[in-house]
Amino acid sequence: MLARRPDVVVLSRESDDEPQAARAIEMVLGEIESPGPASVVILQRLVDVLVVQAFRSLTKQSACQAHARRQGLVALSDPPVHEALGLLHANVAHDWTVAELAARVGLSRSGFAARFTALVGEPPLQYLARWRIARAAELLRDTDDGVGAIAARVGYESAPSFSKAFKRWQGTSPGAYRRGAGASAVGPAAGRGSAPPGPAP
Numbered sequence: 017m018l019a020r021r022p023d024v025v026v027l028s029r030e031s032d033d034e035p036q037a038a039r040a041i042e043m044v045l046g047e048i049e050s051p052g053p054a055s056v057v058i059l060q061r062l063v064d065v066l067v068v069q070a071f072r073s074l075t076k077q078s079a080c081q082a083h084a085r086r087q088g089l090v091a092l093s094d095p096p097v098h099e100a101l102g103l104l105h106a107n108v109a110h111d112w113t114v115a116e117l118a119a120r121v122g123l124s125r126s127g128f129a130a131r132f133t134a135l136v137g138e139p140p141l142q143y144l145a146r147w148r149i150a151r152a153a154e155l156l157r158d159t160d161d162g163v164g165a166i167a168a169r170v171g172y173e174s175a176p177s178f179s180k181a182f183k184r185w186q187g188t189s190p191g192a193y194r195r196g197a198g199a200s201a202v203g204p205a206a207g208r209g210s211a212p213p214g215p216a217p
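Heads up, the sequence shown is in my numbering, so the first residue is 17 and it goes up one at a time.
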C-alpha cells in the first residue's frame, strides 16, 4: 500500500465522508489561530492523527477502486451485458432505449435493466449519459471540432442541451474544459465525467 501511495492525499474539513479528519483539521486550525500552553505538543499529536486519517482514507479509496475493477470484470464476463456495453460504446450517438437494448441482447426489458444495473453499478441510460460525456471530453481534447459538431457526434440534438449536460457531469463548460485541457495537456479529468469501464469503442 505505501509503495503505491499517491504523492498527495486530500483531506477536507468539509468532508462528510471523513468526519474524524474534519474535526482534527478544525482542531489544528484552532491551535494555530489561538495558541495556548503546550500548543506545539498538541499540534504534533494532531498531525499524527491526520497522517493516520490520510492512510485510512487511502485504504478506503483503494478498496473502492478494487471493487469497481471486480465489478467491471463481472459485467464483461456476462454475455448479454457485455454485448449491450459494446452496442453503447460503438453507437454512442444512437437514441437508445432500454427496451431496444434488451431486445438486441435477447432479454426482457425489466430483466435486462435489473441485470445491467446489478453488474455495471448503474442503469443503462445513466451509463450511456456518462459515456457520452466521456467521449465528448476526448473529442474536446483531441480534435478541433466545434461544440455543436461534438454534441451531434455523441447524441445530443443541440449544443445548449449538450453544454448543460456536460457541465452537470464535468463541473465546467465544454469551452472551459477544452481550454484547460489544452493548457495542461494531462489527459482526461478524473471525477464525475470519467470514462466508465467497458469495451473500447
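Note that CB positions come from ideal geometry on N, CA and C, so glycine has one too.
Model, not experiment: these values are computed from the prediction.
Within the same chain, show all residues whose beta-carbon is closer than 8 Å to that of residue 112, passing over the 5 residues directly before and after it, in chain order.
The answer, listed in chain order, is 103, 104, 140, 141, 144.
With DSSP collapsed to three states, give me the class of residue 144.
DSSP places residue 144 in helix when its eight states are reduced to three.
Own chain partners of residue 83 with C-beta closer than 8 Å, once the 5 adjacent residues on each side are dropped:
Note on residue 83: pLDDT 49, under 50, position unreliable in the model; the coordinate value appears next. For residue 83, where only same-chain residues beyond five positions count, there are no Cβ hits under 8 Å.
With DSSP collapsed to three states, give me the class of residue 173.
In the structure shown, the three-state DSSP call for residue 173 is coil.
Looking only at C-alpha atoms, which of 148, 69, 38 sits nearest to residue 179?
148
At which residues does the alpha helix (DSSP H) containing residue 127 begin and terminate?
125-136
DSSP-derived helix/strand/coil call for residue 95
Residue 95: helix per DSSP, three-state reduction.
Do the CB positions of residue 96 and residue 137 come within less than 9 Å of each other?
no
Whole-angstrom Cβ separation of residue 47 and residue 66, contact assumed at under 8 Å?
At roughly 12 Å, the Cβ-Cβ gap does not stay under 8 Å, so residue 47 and residue 66 are not in contact.
Apart from the five residues just before and just after residue 164, which ones in its own chain have a Cβ nearer than 6 Å to its Cβ?
175
Beta-carbon proximity list for residue 94, same chain, < 6 Å, skipping 5 on both sides:
These residues qualify, in order along the chain: 135.
Of the listed residues 54, 182, 99, nearest to residue 131 (C-alpha basis):
99
May I have the straight-line CA-CA distance separating residue 108 from residue 157, to the nearest angstrom?
18 Å
Give the range of the alpha helix (DSSP H) segment to which residue 115 is assigned.
114-121
Quick check: the Cα distance between residue 183 and residue 191, rounded to an integer number of angstroms?
10 Å
Please report the distance separating the alpha-carbon of residue 171 from that of residue 44.
Those two C-alpha atoms are separated by around 49 Å.
Less than 9 Å between the C-beta atoms of residue 151 and residue 161, yes or no?
no
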